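Visitor: When you line the sequence shown up against the working numbering, it's residues 19 to 240, in that order.
Beta carbons: idealized from backbone N, C-alpha and C, even for Gly.
These numbers come from a predicted model, not from an experiment.
Dumping the structure here so I can ask a few things about it.
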Amino acid sequence: MAKGITKREEDYSRWYTDVIAKGKLADHSPVKGCMVIRPNGYALWEKMQAVLDKMFKDTGHENAYFPLFIPESFMKKEAEHVKGFAPECAVVTHGGGKKLDEPLMIRPTSETIIWAMYKNWIQSYRDLPILINQWANIVRWEMRTRLFLRTTEFLWQEGHTAHASDSEAEEETLKILKIYTKFAEEYMAIPVIQGLKTENEKFAGAVRTYCIEAMMQDKKAL
């Protein structure tokens, strides 16, 4: 056992915290709920990103970047969507010392702003499919945080695709689910369970939500 690291069987939570600290992976920041990803931790993220990015591009996806700020009206158009994320949203009400005409949400996810653009880009079926991936930071106002597992701001990728039919969208979803599974099991050595979320657990505003989940040694699913 490395010096200064609690034995996992003695205190699982403390062991996790000790490994992060000893490995110089991340640290708590002065901003409550946010973390600083240190060079060792960020190097891991870069390697993960490189592998996944190639997998996405090999299946025809392109990278793009959309704004961090989302007009409040965009969120309100999607009733289920805003209901699911409203408690977690950070809202900007002032800019340049003046009150904004419309509050801006700091993205908890990017569906609304991305589809506002897709609406302009898609004129007919000839413009489909659109296969876009975004590497970005996300903000969700979490009450109980844990380094890497749950923080107020975090890095992720989000794929947003548009298709001519429901069956094509379903096929795309299952293709990406296989990519996530392959990445988790073959590159991260983490066995996962693939499945369909229940109605109560599905993504806000979604028709169906598929996921992969890994069982942690403290008997919680990630």
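Go ahead and label A180 buried or exposed: buried means 16 or more other beta carbons lie within 10 angstroms of its beta carbon, across all protein chains shown.
Guide: buried
Visitor: Hey, could you find the ends of the alpha helix (DSSP H) D36 is sitting in?
Guide: 30-40
Visitor: Tell me the DSSP secondary structure of V157 in three-state form.
Guide: strand
Visitor: In angstroms, rounded to a whole number, what distance separates the CA positions of L173 and S183?
Guide: Per the coordinates, the alpha-carbon of L173 lies some 31 Å from the alpha-carbon of S183.
Visitor: Alpha carbon to alpha carbon, how far is W159 from R125?
Guide: Roughly 11 Å separates the two Cα atoms.
Visitor: Would you say the region 50-69 touches the region 146-166, given that touching needs at least three Cβ pairs under 8 Å?
Guide: yes
Visitor: Classify G59 as buried or exposed, calling it buried when 16 or more other Cβ atoms lie within 10 Å of its own Cβ.
Guide: buried
Visitor: Roughly how many whole angstroms lie between the Cα atoms of N138 and I131?
Guide: 12 Å
Visitor: Which residues in the same chain have their Cβ closer than 8 Å to the Cβ of Y228, if we skip the five residues on either side of it in sequence?
Guide: T191, L192, L195, Q212, G213, L214, K215
Visitor: How big is the Cα-Cα spacing for A104 and D119?
Guide: 19 Å
Visitor: Looking at E171 and M123, is the spacing between their C-beta atoms short of 8 Å?
Guide: No, these two residues do not count as a Cβ contact at 8 Å.
Visitor: Going by Cα to Cα distance, which pick from F221, D145, R26 is closest to E129?
Guide: F221
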